[in-house]
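**Q**
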Amino acid sequence: MSTPSTAAPAGPTQKPVTPKAPKPQKPKEDKPQKGKEDKPQKGKEEKVQRKDDAGPQAGALATGGEAKLTPKQLKELKKADKQARRAADKATAGVAPGGKPEVGAGGDKRGKPQQGPKGPSTEKKGGKADKAVKGSGATVAAHAGQAVTQRAPKKEIPLFRHLESPGQGVNLAGSHKDVHPAILALGLQMASYDICGSSARCVATLLAFKRVIEDYTTPAHTTLTRNLSSHHLSPQIEHLRSARPMSVSMRNAIRWLKLEISTINIDIPEHTAKKLLLDKIDSYIREKITIADHAIVATAVEKIVDGDVIVTFAKSNIVQMVLAEAHRKKIKFRVVVVDSRPLMEGAQLCQALSEFGIDCTYTLIHALSYAIRDATKVYLGAHAMLSNGRLYSRVGTAAVAMYAKEFEVPVIVCCESIKFTDRVGLDSIVTNELALPDDLTNLSITRYHPIVGKLSKWRDIPNLNILNIMYDVTPAENITLVITEYGSLPPSSVPVVHRLSTNQ
Amino acid sequence: MHTYTDNPRFPAGSPTTSSPPLGLGLVETSSGPFDILTHYTTTLDSDPDLTMPIAAIESLVALLSSTSTTASTIAEFLSIIETGISVLKSSVPNAISLSAGCDLFLRYIVRSLEDPRDFDACRAHLLQHGKLFVDRAKSSRWAIAQYGAELIRDGSTVLLHSHSRVVTALLSFAAERNIRFRCIVLETAPSLSGLITARILRSKSIPVSVIPDNAVGYVMAKCDMVLVGAEGVVENGGIINAMGTYTIAVQAKANKKPFYVLAESHKFVRLFPLNQFELPVQPQYQNLLDFTTEERNANDQVGKEGEVGCVEGTDGKTGGKKVAMGGRGKGSAPLVDFTRPEYITALISESGVMTPSAVSEELIKIYS
Numbered sequence: 001m002s003t004p005s006t007a008a009p010a011g012p013t014q015k016p017v018t019p020k021a022p023k024p025q026k027p028k029e030d031k032p033q034k035g036k037e038d039k040p041q042k043g044k045e046e047k048v049q050r051k052d053d054a055g056p057q058a059g060a061l062a063t064g065g066e067a068k069l070t071p072k073q074l075k076e077l078k079k080a081d082k083q084a085r086r087a088a089d090k091a092t093a094g095v096a097p098g099g100k101p102e103v104g105a106g107g108d109k110r111g112k113p114q115q116g117p118k119g120p121s122t123e124k125k126g127g128k129a130d131k132a133v134k135g136s137g138a139t140v141a142a143h144a145g146q147a148v149t150q151r152a153p154k155k156e157i158p159l160f161r162h163l164e165s166p167g168q169g170v171n172l173a174g175s176h177k178d179v180h181p182a183i184l185a186l187g188l189q190m191a192s193y194d195i196c197g198s199s200a201r202c203v204a205t206l207l208a209f210k211r212v213i214e215d216y217t218t219p220a221h222t223t224l225t226r227n228l229s230s231h232h233l234s235p236q237i238e239h240l241r242s243a244r245p246m247s248v249s250m251r252n253a254i255r256w257l258k259l260e261i262s263t264i265n266i267d268i269p270e271h272t273a274k275k276l277l278l279d280k281i282d283s284y285i286r287e288k289i290t291i292a293d294h295a296i297v298a299t300a301v302e303k304i305v306d307g308d309v310i311v312t313f314a315k316s317n318i319v320q321m322v323l324a325e326a327h328r329k330k331i332k333f334r335v336v337v338v339d340s341r342p343l344m345e346g347a348q349l350c351q352a353l354s355e356f357g358i359d360c361t362y363t364l365i366h367a368l369s370y371a372i373r374d375a376t377k378v379y380l381g382a383h384a385m386l387s388n389g390r391l392y393s394r395v396g397t398a399a400v401a402m403y404a405k406e407f408e409v410p411v412i413v414c415c416e417s418i419k420f421t422d423r424v425g426l427d428s429i430v431t432n433e434l435a436l437p438d439d440l441t442n443l444s445i446t447r448y449h450p451i452v453g454k455l456s457k458w459r460d461i462p463n464l465n466i467l468n469i470m471y472d473v474t475p476a477e478n479i480t481l482v483i484t485e486y487g488s489l490p491p492s493s494v495p496v497v498h499r500l501s502t503n504q
Numbered sequence: 001m002h003t004y005t006d007n008p009r010f011p012a013g014s015p016t017t018s019s020p021p022l023g024l025g026l027v028e029t030s031s032g033p034f035d036i037l038t039h040y041t042t043t044l045d046s047d048p049d050l051t052m053p054i055a056a057i058e059s060l061v062a063l064l065s066s067t068s069t070t071a072s073t074i075a076e077f078l079s080i081i082e083t084g085i086s087v088l089k090s091s092v093p094n095a096i097s098l099s100a101g102c103d104l105f106l107r108y109i110v111r112s113l114e115d116p117r118d119f120d121a122c123r124a125h126l127l128q129h130g131k132l133f134v135d136r137a138k139s140s141r142w143a144i145a146q147y148g149a150e151l152i153r154d155g156s157t158v159l160l161h162s163h164s165r166v167v168t169a170l171l172s173f174a175a176e177r178n179i180r181f182r183c184i185v186l187e188t189a190p191s192l193s194g195l196i197t198a199r200i201l202r203s204k205s206i207p208v209s210v211i212p213d214n215a216v217g218y219v220m221a222k223c224d225m226v227l228v229g230a231e232g233v234v235e236n237g238g239i240i241n242a243m244g245t246y247t248i249a250v251q252a253k254a255n256k257k258p259f260y261v262l263a264e265s266h267k268f269v270r271l272f273p274l275n276q277f278e279l280p281v282q283p284q285y286q287n288l289l290d291f292t293t294e295e296r297n298a299n300d301q302v303g304k305e306g307e308v309g310c311v312e313g314t315d316g317k318t319g320g321k322k323v324a325m326g327g328r329g330k331g332s333a334p335l336v337d338f339t340r341p342e343y344i345t346a347l348i349s350e351s352g353v354m355t356p357s358a359v360s361e362e363l364i365k366i367y368s
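Chains as they are written, first to last, in full-length UniProt numbering: chain B, 1 to 504; chain P, 1 to 368.
(1) Would you verify that the beta carbon of residue 497 of chain B is, or is not, closer than 8 Å to some beta carbon of chain P?
(2) Checking contacts by CB at 8 Å: is residue 16 of chain P closer than that to chain B?
(3) So, does the CB of residue 480 of chain B fall closer than 8 Å to a CB anywhere in chain P?
(4) Quick one, which of P:86, P:245, P:289, P:238 has its alpha-carbon nearest residue 194 of chain P's?
(5) Just the Cα atoms here: how many angstroms apart are residue 155 of chain B and residue 458 of chain B?
(6) Quick one: which residues of the stretch 219-237 of chain P get their C-beta closer than 8 Å to a C-beta of chain B? List them in chain order.
(7) Determine, using beta carbons only, whether residue 488 of chain B and residue 299 of chain B come nearer to each other than 8 Å.
(8) So which residues on chain B does residue 364 of chain P lean against when the C-beta distance must stay under 8 Å?
(9) Report buried or exposed for residue 152 of chain P, applying the criterion of at least 16 other Cβ atoms within 10 angstroms of its Cβ.
(10) Using 8 Å as the limit for Cβ to Cβ distance, is residue 332 of chain B near chain P?
(11) Verify the CB distance criterion: does residue 317 of chain P have a CB-CB separation below 8 Å to chain B?
(12) Locate the beta strand (DSSP E) running through residue 241 of chain P, then write down its first and last residues.
(13) With a threshold of 8 Å between beta-carbons, can residue 312 of chain P be considered close to chain B, or not?
(14) Would you be able to state if there are at least three C-beta pairs under 8 Å between the stretch 244-264 of chain P and the stretch 330-349 of chain P?
(15) Using beta-carbon positions only, say whether residue 476 of chain B and residue 389 of chain B come within less than 8 Å of one another.
(16) Measuring CA to CA, which of P:157, P:38, P:96 is closest to residue 221 of chain P?
(17) Can you tell which of B:384, B:378, B:323 has the C-alpha that lies nearest to the C-alpha of residue 354 of chain B?
(18) Report the residue ranges of all alpha helix (DSSP H) runs contained in full by the stretch 200-279 of chain P; include only those spanning at least 4 residues, in chain order.
(19) Of the residues that make up the stretch 185-206 of chain P, which ones have a beta carbon closer than 9 Å to any beta carbon in chain B?
(20) Would you check if the distance between the CB atom of residue 253 of chain P and the CB atom of residue 343 of chain P is smaller than 8 Å?
(21) Within 8 Å (strictly less), CB to CB, does residue 111 of chain P reach chain B?
(22) Given a threshold of 16 other Cβ atoms within 10 Å of its Cβ, counted over all protein chains shown, does residue 454 of chain B qualify as buried or as exposed?
(23) For the beta strand (DSSP E) holding residue 161 of chain P, just list the boundary residues, first then last.
(24) For residue 154 of chain P, which of P:161, P:126, P:145, P:181 has the nearest alpha-carbon?
(25) Please determine, among B:404, B:363, B:319, the residue with the shortest C-alpha to C-alpha distance to residue 375 of chain B.
(26) Closer than 7 Å, Cβ to Cβ, to anything on chain P: give me those residues from the stretch 391-419 of chain B, in chain order.
(27) Distance, Cα to Cα, residue 46 of chain P vs residue 131 of chain P?
(28) Using a cut-off of 9 Å between C-beta atoms, extract the partners of residue 303 of chain B located in chain P.
(29) Per DSSP, which residues does residue 308 of chain B bridge with? Please list them.
(30) Say whether the stretch 231-240 of chain B touches the stretch 282-295 of chain B, bearing in mind that this needs 3 or more beta-carbon pairs closer than 8 Å, one atom from each stretch.
(31) Measure the Cβ-Cβ separation of residue 256 of chain P and residue 224 of chain P and say whether it is below 8 Å.
(32) Which one or two residues does DSSP pair with residue 554 of chain B in a beta bridge?
(33) Quick check on residue 461 of chain B: buried or exposed, where buried means 16 or more other Cβ atoms within 10 Å of its Cβ?
(34) Please state whether the Cβ-Cβ distance between residue 481 of chain B and residue 424 of chain B is less than 8 Å.
(35) Using a Cβ cut-off of 7 Å, which residues of the stretch 338-366 of chain P contact any Cβ in chain B, in chain order?
(36) Does residue 277 of chain P pass the burial test, meaning 16 or more other C-beta atoms within 10 Å, or should it be called exposed?
So this is what it looks like as structure tokens:
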């Protein structure tokens, strides 16, 4: 969406052509998209139009045209324009749902200049190209293709279309004026996965909010209780959310913080209230993360015995703590770290563990069937535990758990109760997070020095899509044991503990 | 409030345990030593219907009353109880159900002490309620019998294993209500505790057929349900019970027969075994895997010493009879195995019939 200039300005001059809107290319799949797309697009067009007005020539033209248009006509015009654009989009993206041959064949289209809807729609791209465009159909189509590919995020996988498309880094300039620098920094760190992991993000968020609260002064004619959470924290939260979808732990912590703010007595002076909140945040972190982690480590270590071969997937902080503690207790065991692209978090874990002196093996997930063969236990971290006992964690976890179940290896999940949610999840599609597809095509492990891979030009290949999702859902049947600060439980008891940890 | 501060799973080795026990079963209190082990064994001996956890709790109540005048602080009070528990746990070979009862009682005490404004009143209250606690635990067997009797239909055949007081109580209750049913009892080698079950049931005019353990697959098709007791019910709803229970459970599942477990809730224990070899039994009592190339003589075989009347226990208090009753005192322990929850149809406790997954909820309710 960063290229409004390529978006079609609703040039009123095209009035006679547009009513011939393309109808044949309206697949059913358009429906869910429609509602979502309608608003932003409208807004954009209005904006663009306003810009047109500002331009000296176009302005004159536009005003002239506008005078002739009734609102109804205008509306139709916009609609037709949108449809045309969507059609063009589909043609290039090659998202041919249900195998619509004429839509899917992008190349075909390019060869056929006579395609009714195509001509007019592209004609509108860039008002200045007005005349030249009329020349050959081929150039028109090529032009259209170019224009469309520039609006890159439109390339999407139908099944995951409902998910928010990954932000292209945080837009610092576009952020709300009240967003605190600490939050801006945190947003950047989260978007780049420098702060990654459910607990770490939760702690970082709370610490950043501490700074926000420290620097907060209640405006005149209002109270902290009323103003802080609704007016001051909301833009901060919104900014974090735009940087990267919030983790369950963050959501739980923010819900708690808002509740705490709302229960502050209106009569106490501001600095006392702030002090109170800061202390509460500190003790929340201590209780829900630090002490909880200690308790989990103490319980989880007991499950490790001499001779164990422990398989773990990607990187979980708590699993690392458990393994380190087991090593410190002089238990003789071996660890197999199973990792996956593109985040390669397991490499960090493996490095840390081998520095502790633990016997480690590092492998990628495609070698799982070999890795699991010797295993006696599987230790997993969690992004969240869902209310139906399912585990929501880094994509690949479900495969590891499934293998473990198949080989009768117990699967142990270490998870603080702050990551419990009352949501119920059945699959990995309804709730998930999309990451940048380029992270997957980039063969380097960092975004900053990309290595071009074979698929790096995926945006130019119409019938190629890249799916880079972050999480998956592991069925409760594949989980043996969940270790929380409340003790060990079967996955079926997750809702009980969740109730317990939120009601107190 | 969080359980990790006073996790009742580790009271035995916890640093709060005051002085080490003096004699074998002695707990030093400020009013002089109290022999909790003797109290425990005499309590057990006095009533054949008494189970280990209840006897242990009774002994702890007795320990409490002996300290009632002297312990002046809560810490002192608790440390005496914890010492008592650790003495009991360490001197009884098979402490699964015993430790479940002790932990529950300790939890009960800690919870009662949470509002310690008036320590003396608190202590009096505890003593009084400790006895109530014991009475309630004792009566739970009859509550289970009443719930469970509903499961036994006229004309059915029930498969039993080992000896469980709650199972025989239930079957006696069902027989008294004129339900006609038959029992197949596994003899449960090497302790042959199944013979005790058979004797009791026959005395209540219930037709019983005793079969060898290895015939369980053979007879499974002929029975309508399996009823077993439990040494302990663990957090995921699985059970620890006399060796062979796991085999029967797997067989029952394969033959699609319901497998019911009868267990009082004071046998619910905060354990989560992942496999058979993580059970809290002391290895010297259950070391089945002994690979050797030498020929062993018959007396050397594992568990042989447990046969009824075959060998006198090393301790006068736990003679051959006691061993056959399930090794409640010192000496040999009955072998146990772990049955996973997916093989269990339902558990019946005094609070009703529950699925295995409900056990964890019960435990969380108790311990947090």
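Backbone N, C-alpha and C fix where the C-beta goes; we use that ideal spot for every residue, glycine too.
**A** According to the data block:
(1) Working through the first sequence from its first residue, we reach residue 497 of chain B at position 497. Contact with chain P is found for residue 497 of chain B, since one of that chain's Cβ atoms lies less than 8 Å from the residue's Cβ.
(2) Stepping through the second sequence from its first residue, residue 16 of chain P is reached at position 16. Annotation note: pLDDT 38 at residue 16 of chain P (below 50); position unreliable, coordinate value reported separately. Residue contact with chain B for residue 16 of chain P: absent (no Cβ-Cβ distance below 8 Å to any residue of chain B).
(3) Mapped onto the first sequence, residue 480 of chain B falls at position 480. It does; some Cβ of chain P falls within 8 Å.
(4) In the second sequence, counting from the first residue as 1, residue 194 of chain P sits at position 194. Closest by alpha carbon: P:245.
(5) By one-based count along the first sequence, residue 155 of chain B stands at place 155. By one-based count along the first sequence, residue 458 of chain B stands at place 458. If I take the Cα positions, the gap works out to 10 Å.
(6) Taking 8 Å as the Cβ-Cβ cut-off against chain B, the residues of the stretch 219-237 of chain P that qualify are 235, 236, 237.
(7) For the purposes of this step, residue 488 of chain B is taken as residue 488 along the first sequence, with counting starting at 1. For the purposes of this step, residue 299 of chain B is taken as residue 299 along the first sequence, with counting starting at 1. If you check the CB distance, residue 488 of chain B and residue 299 of chain B come in under 8 Å.
(8) Taking the second sequence and counting its residues from 1, the one referred to as residue 364 of chain P is at position 364. The answer, in chain order, is 486, 487, 489, 493, 496, 497, 500.
(9) Against the second sequence, residue 152 of chain P aligns to sequence position 152. Burial call: buried.
(10) As a first step, residue 332 of chain B is located in the first sequence; it is residue number 332 there, counting from the start. Residue 332 of chain B is outside the set of residues whose beta carbon lies under 8 Å from a beta carbon in chain P.
(11) If you number the second sequence from 1, residue 317 of chain P lands on position 317. Because residue 317 of chain P carries a pLDDT of 37, less than 50, the predicted location of this residue cannot be relied on, and the following value inherits that uncertainty. So no, residue 317 of chain P is outside the interface.
(12) Within the second sequence, numbered from 1, the residue matching residue 241 of chain P stands at position 241. Where residue 241 of chain P is concerned, the enclosing beta strand (DSSP E) stretches over 239-242.
(13) Taking the first residue of the second sequence as 1, we reach residue 312 of chain P at position 312. With a pLDDT of 32 at residue 312 of chain P, under the threshold of 50, the modelled position of that residue is not reliable, and the figure given next carries that caveat. Not closer than 8 Å to any Cβ of chain B, the Cβ of residue 312 of chain P fails to qualify, so no.
(14) Yes: at least three Cβ pairs fall under 8 Å.
(15) Taking the first sequence and counting its residues from 1, one reaches residue 476 of chain B at position 476. Taking the first sequence and counting its residues from 1, one reaches residue 389 of chain B at position 389. The answer is yes: Cβ separation under 8 Å.
(16) Taking the first residue of the second sequence as 1, we reach residue 221 of chain P at position 221. Answer by Cα proximity: P:157.
(17) Your numbering for residue 354 of chain B matches position 354 in the first sequence. Per the Cα distances, B:323.
(18) Entirely contained in the stretch 200-279 of chain P, the alpha helix (DSSP H) runs reaching 4 residues are, in chain order, 216-219, 245-254.
(19) Listed by position along the chain: nothing, the set is empty.
(20) Locating residue 253 of chain P in the second sequence gives position 253, where the first residue counts as 1. Locating residue 343 of chain P in the second sequence gives position 343, where the first residue counts as 1. Cβ atoms of residue 253 of chain P and residue 343 of chain P: closer than 8 Å.
(21) Your numbering for residue 111 of chain P matches position 111 in the second sequence. False, the Cβ-Cβ gap to chain B never drops below 8 Å.
(22) What you label residue 454 of chain B is simply residue 454 of the first sequence in a count that begins at 1. Exposed is the call here.
(23) For the purposes of this step, residue 161 of chain P is identified with residue 161 of the second sequence, where counting begins at 1. That run of the beta strand (DSSP E) goes 156-161.
(24) Stepping through the second sequence from its first residue, residue 154 of chain P is reached at position 154. It is P:181.
(25) Here residue 375 of chain B is taken as the residue at index 375 of the first sequence, counted from 1. Nearest C-alpha to residue 375 of chain B: B:404.
(26) Under the 7 Å Cβ criterion, the stretch 391-419 of chain B contributes 410.
(27) As a first step, residue 46 of chain P must be located in the second sequence, where it is residue number 46. As a first step, residue 131 of chain P must be located in the second sequence, where it is residue number 131. For residue 46 of chain P and residue 131 of chain P, the distance between alpha carbons rounds to 17 Å.
(28) Position 303 of the first sequence holds residue 303 of chain B. The answer, in chain order, is 272, 274, 278.
(29) Start at 1 with the first residue of the first sequence, and residue 308 of chain B comes out as number 308. Paired residues: B:333.
(30) The stretch 231-240 of chain B makes no contact with the stretch 282-295 of chain B: fewer than 3 CB pairs, one atom from each, lie closer than 8 Å.
(31) Taking the first residue of the second sequence as position 1, residue 256 of chain P is located at position 256. Taking the first residue of the second sequence as position 1, residue 224 of chain P is located at position 224. Contact: no.
(32) Outside the displayed span of chain B (1 to 504) sits residue 554 of chain B, for which this structure offers no information.
(33) The residue labelled residue 461 of chain B in the question sits at position 461 within the first sequence. By the beta-carbon neighbour count (other beta carbons within 10 angstroms, threshold 16), residue 461 of chain B is exposed.
(34) Taking the first residue of the first sequence as 1, we reach residue 481 of chain B at position 481. Taking the first residue of the first sequence as 1, we reach residue 424 of chain B at position 424. No, these two residues do not count as a Cβ contact at 8 Å.
(35) Within the stretch 338-366 of chain P, 357, 360, 361, 364 place their CB atoms closer than 7 Å to a CB of chain B, listed in sequence order.
(36) By one-based count along the second sequence, residue 277 of chain P stands at place 277. Exposed, since its Cβ has fewer than 16 Cβ neighbours within 10 Å.
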